[in-house]
Structures are given as C-alpha cells and as structure tokens.
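If you read the protein sequences in the order shown, they are chains V and P.
If you're matching positions, the first sequence starts at 1453 in our numbering and goes up one per residue.
If you're matching positions, the second sequence starts at 1453 in our numbering and goes up one per residue.
Note that beta-carbon positions come from the ideal geometry of N, C-alpha and C, so glycine has one too.
2 protein chains.
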Amino acid sequence: MGRSSQTDMAVLGALSIEPMTGYALREAIRNVLGHFWSESFGQIYPALAGLEADGHVTRQGSTRPGSSTFTITASGRRRLRELLSQPIQPVPPRNGLLIRLFFGHTLGVEACRSLIMQAREQAAQQLREYEALAAQTAGEPQYADAAPFWQLTISAGRHSAQAAIAWADESLAALDAVPSA
Amino acid sequence: MGRSSQTDMAVLGALSIEPMTGYALREAIRNVLGHFWSESFGQIYPALAGLEADGHVTRQGSTRPGSSTFTITASGRRRLRELLSQPIQPVPPRNGLLIRLFFGHTLGVEACRSLIMQAREQAAQQLREYEALAAQTAGEPQYADAAPFWQLTISAGRHSAQAAIAWADESLAALDAVPSA
DNA sequence: GCCCGCATGTAACTGGTTACATGATTGT
DNA sequence: ACAATCATGTAACCAGTTACATGCGGGC
Chain V
1453 MGRSSQTDMA VLGALSIEPM TGYALREAIR NVLGHFWSES FGQIYPALAG
1503 LEADGHVTRQ GSTRPGSSTF TITASGRRRL RELLSQPIQP VPPRNGLLIR
1553 LFFGHTLGVE ACRSLIMQAR EQAAQQLREY EALAAQTAGE PQYADAAPFW
1603 QLTISAGRHS AQAAIAWADE SLAALDAVPS A
Chain P
1453 MGRSSQTDMA VLGALSIEPM TGYALREAIR NVLGHFWSES FGQIYPALAG
1503 LEADGHVTRQ GSTRPGSSTF TITASGRRRL RELLSQPIQP VPPRNGLLIR
1553 LFFGHTLGVE ACRSLIMQAR EQAAQQLREY EALAAQTAGE PQYADAAPFW
1603 QLTISAGRHS AQAAIAWADE SLAALDAVPS A
C-alpha cells in the first residue's frame, strides 16, 4: 500500500495551491513544507493514483511519462477540508539529542558539549532560513490570502530555533560546572 | 525482528541506572524518558532477549514469568557508550499542527484559532510537569552525578514549552487581523 | 473464588523508506 | 554523443505499533 490519509492531506493541500506534476509535488513538499513535514518518494505516486481513482484529482496530459499535471477537483477540496479537520495524530517522541544528554554521565561531558554546540549551529542556520523565507513569502501578492497562515508556520520555526539557541547557551554554561570526569 | 540499535540504546541506558524487570523497564521509559523518547511494548522484550544473547545484559532469577530482573554487564556498558557515540539519526518531520495551519485558508480561521489554543494549553501543562520534575530530580542525592544531565533535558523541555506559549499568543493576535471568511 | 496488577512474550499489521527500473527532454 | 534533470512508477524491506495469549501472586 503505502497510502495514508496523512499523505493524502499533504498531496491535496499542495495541489490546492496550484496544479503540478508528481515530480514538482515532491519538490514542493520538500522545499515548502520541508520545515515541518516530509513525504517520501515512494508514497506520492501511489497516493496520486489513489486520489485519481477516488475522483479527488484529475490528470491532464497523457498517462505516458513526461507531461501529466494533476489538478484538484471540487470533491478533492471537500476531502482536503475533511482531512484537515481530523484530530492531529500524536507522533511518539524520539529525540536523539536529549536521550544522549540524559545518559551524558556515560557518554562524557566533552561529547555532550560538542552535541550541544552542533545543535546550536543547526538552530542558528535554521533561523537564517526562516528569516529569508518570511521575507520571500511577504513579497508574493498572488498568494495574499494564504500568506498570513504561512507566516504562522514560519514564526513557529523561528520561536523554536530561538529557544534552542537560548537553551544551548544556558546548557553549555551549566556543563562548565560539571566535573569533567 | 523489531530490534534496532535505537531501542538497544534506550534499554541499556535505563539498565545502566539500575537493574529492572522488563515490565519496570517499560514503565521507566514511559515515565522518565517519556518527554523525549518512547519505546513500544513489543520492542522491549525482543531487545532484552537479543541483548542477553549478546552478553550485554544478564537475567537474575528464573526464566519463568514473574520474577526475573535484568542487569547490565561490563560489555553492555561498553556497547552503550558505543551506541551513544553514534551520529544522531535525523527524524523526518511530521508536525500535524503546522501543516493544518499552513492550509489554514482552507481549514478556516476559527478552526486554526482553536488548534492554537489547544497547543497553548498543552504546552502550559507540560511546563507545569517540567517544573515538578526539576524539583523532584534535584532532591535525590543517590543520582547526584547523573542529575546535572537530567536537568539539561528538563531545561530543553521548558524552553520549548515556553517558546510554544509565546508563539501561540503571538499567533492568536495575528489571526485577529485576518478577515474571518 | 475472582479480579487486578505484575510479568513475559508473539504475531499480524501498518506506515514509511530505499533502491531499483525505465524513459523522455534539454542542454553542452 | 552524453550527461543531467524531469518524470513515473514498483518491489523489497524495515521499524514500530497493536492486539493477542498466557500465567503468577496478592488483595477483596
């Protein structure tokens, strides 16, 4: 199978903004939703095929490779609203950084310090990307009614990156007080 | 199968603090690591069996149900250090809240507002739990050398919850400026 | 005697990733 | 001509969850 309502939601959502090929869809999900969502390659095409069978999307151009774009239908928009309204599926947490720090006494203070610095740099990098993204989003008048919502997601990323940086600085200072084995 | 080095890391880590039964292990992972890690029931026992076969843990008491506790061996501790030193496996993001907000124009302003308020309350609840946890951790002298590291993970949770609250408040204000369809 | 919590395990299923296979188009 | 990129798909595999099956021991 490899088709879940989660994937359907992302695919229909992307197509609700503009019609695309499957390939472009994959790029759009990576580049635009990438900061908070991901779909693997092998899910998008089966999802599109299923959505087409259900009449939620139609295929323009031939079935033959190289040219077909997918367009969302009215029933597809209805389905999208339905999917968006479903309760959020909680994801079981799996934070590779925090579990290593939790066992930091075993891992060693120096390794912990280096992990935290690494995390700090990643967050700083993300922060720069969010700033760029915010500016870019503000400058595209054709998506005026969706833009405020996009800004919410960018703002979430910014807050979380800033929190990560503040935490990292605090933590590095705290580690200085720990006897380094 | 159902056995990954990730699970081994969590199991060995927990047993490095004190010997436990498989059942207690599950509880410990849920209650103590729960804020940033999870292992499902069906993974723990196969992992224990595998670790026993590899000589990383030993079983005290009989094989018969009801009484055996697992203890980490010297080779288990070595293996744990090895696992903790491995590069962090990046988890593909799947944020159910942000993807709904991204398509907020389709979902509707009111539904978005309600999702954000929900998220805010969850974060506030978590914040209270972290405060309690921090106090509790500080008051247990037998784990004195591990406690500073545990505080790091609690601090991470606190920062992230605080960021979520600040973001939610900002976002609710921003939504007031959006024409409510 | 019965139910509940502790304890150990297995089997089936699902969701998701990776790698593979194929071919068209475009630019150098 | 050759490489890179666009494009569509499938098959095999893996990780993780859920539900099921079983039994002991203690309290009501």
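- Around the beta-carbon of residue 1590(V), fewer than 16 other beta-carbon atoms lie within 10 Å, marking it exposed.
- For the stretch 1586-1606 of chain V, the set of residues with a beta-carbon nearer than 8 Å to any beta-carbon of chain P comprises 1597, 1598, 1600, 1601, 1602, 1603, 1604, 1605, in chain order.
- Residue 1496(P) is positioned such that its CB atom lies no closer than 8 Å to that of residue 1543(P).
- Secondary structure at residue 1533(P): helix, using DSSP grouped into helix, strand and coil.
- Assigned with DSSP and collapsed to three states, residue 1574(P) falls in helix.
- Apart from the 5 residues on each side of it in sequence, residue 1549(V) sits with its Cβ closer than 7 Å to the Cβ of 1567, 1571 in its chain, given in chain order.
- Near chain V, meaning a CB-to-CB distance below 9 Å, the residues of the stretch 1470-1490 of chain P are 1484, 1485, 1486, 1487, 1488, 1489, 1490.
- Per DSSP, reduced to three states, the secondary structure at residue 1455(P) is coil, with no helix or strand assignment.
- Within the stretch 1617-1629 of chain P, those residues whose Cβ lies closer than 8 Å to any Cβ of chain V are, in chain order, 1618, 1619, 1622, 1623, 1626, 1627, 1629.
- Ranked by Cα distance from residue 1558(V), the first of 1499(P), 1601(P), 1611(P), 1490(P) is 1601(P).
- At least 8 Å separates the beta-carbon of residue 1539(V) from that of residue 1490(P).
- Look at residue 1552(P): its C-beta is under 8 Å from a C-beta on chain V.
- Per DSSP, residue 1511(P) lies in no alpha helix (DSSP H) segment; the continuous beta strand (DSSP E) that holds it begins and ends at 1509-1512.
- Within chain P, the residues 1551 have their CB atoms less than 7 Å from the CB of residue 1462(V), given in chain order.
- DSSP places residue 1601(P) in the helix class (H, G or I) of the three-state scheme.
- Distances from the alpha-carbon of residue 1487(V) to those of 1531(P), 1524(P), 1551(P), 1530(P) put 1551(P) closest.
- Proximity of the stretch 1456-1470 of chain P to the stretch 1596-1612 of chain V falls short of the contact definition, fewer than three beta-carbon pairs being nearer than 8 Å.
- For residue 1505(V), the closest alpha carbon among the candidates 1536(V), 1460(V), 1477(V) is that of 1460(V).
- An exposed status is given to residue 1483(P), since fewer than 16 other beta-carbon atoms sit within 10 Å of its beta-carbon.
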